[in-house]
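Numbering (full-length UniProt numbering), first residue to last: 1 to 74. Beta carbons: idealized from backbone N, C-alpha and C, even for Gly. Keep in mind that this is a model prediction, so the values were computed, not measured.
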């Protein structure tokens with residue numbers, strides 16, 4: 001047997017139930033919470049002179065697969 005990346009395999013198997021539940025968890029977040037988070041990020045953005053992050057986030061997070069992909073990258 002070959003155990004290439006066996007540690008990674010164990011970690012992925014341990015996290016798999018959480019990763020499969022992530023879309024349900026994200027869908028269950030109230031819109032008010034999302035709006036509050038976006039407002040907080042918008043305040044930070046105005047302080048740091050970034051582009052309009054609210055518009056970018058709303059466009060990027062408009063579909064659930066993109067949101068799930070974003071959490072997978074973290």
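Alpha carbon of residue i to alpha carbon of residue j, nearest angstrom
| i | j | result |
| --- | --- | --- |
| residue 15 | residue 22 | 11 Å |
| residue 20 | residue 43 | 32 Å |
| residue 41 | residue 27 | 20 Å |
| residue 24 | residue 35 | 18 Å |
| residue 75 | residue 38 | Residue 75 is absent from the structure shown; the chain starts at 1 and stops at 74. |
| residue 29 | residue 13 | 25 Å |
Own chain partners of residue i with C-beta closer than 7 Å, once the 5 adjacent residues on each side are dropped
| i | result |
| --- | --- |
| residue 94 | Since the displayed the chain opens at 1 and closes at 74, residue 94 lies outside it and no answer follows. |
Nonlocal neighbours in the same chain, by C-beta distance under 8 Å from residue i, ignoring five residues either side
| i | result |
| --- | --- |
| residue 2 | Here the model assigns residue 2 a pLDDT of 44, short of 50, so the residue's position is not dependable, and the following value carries that caveat. So the list is empty, once near-sequence residues are dropped. |
Task: Runs of beta strand (DSSP E) wholly within the region 12-46 (minimum 3 residues, chain order) - done: none
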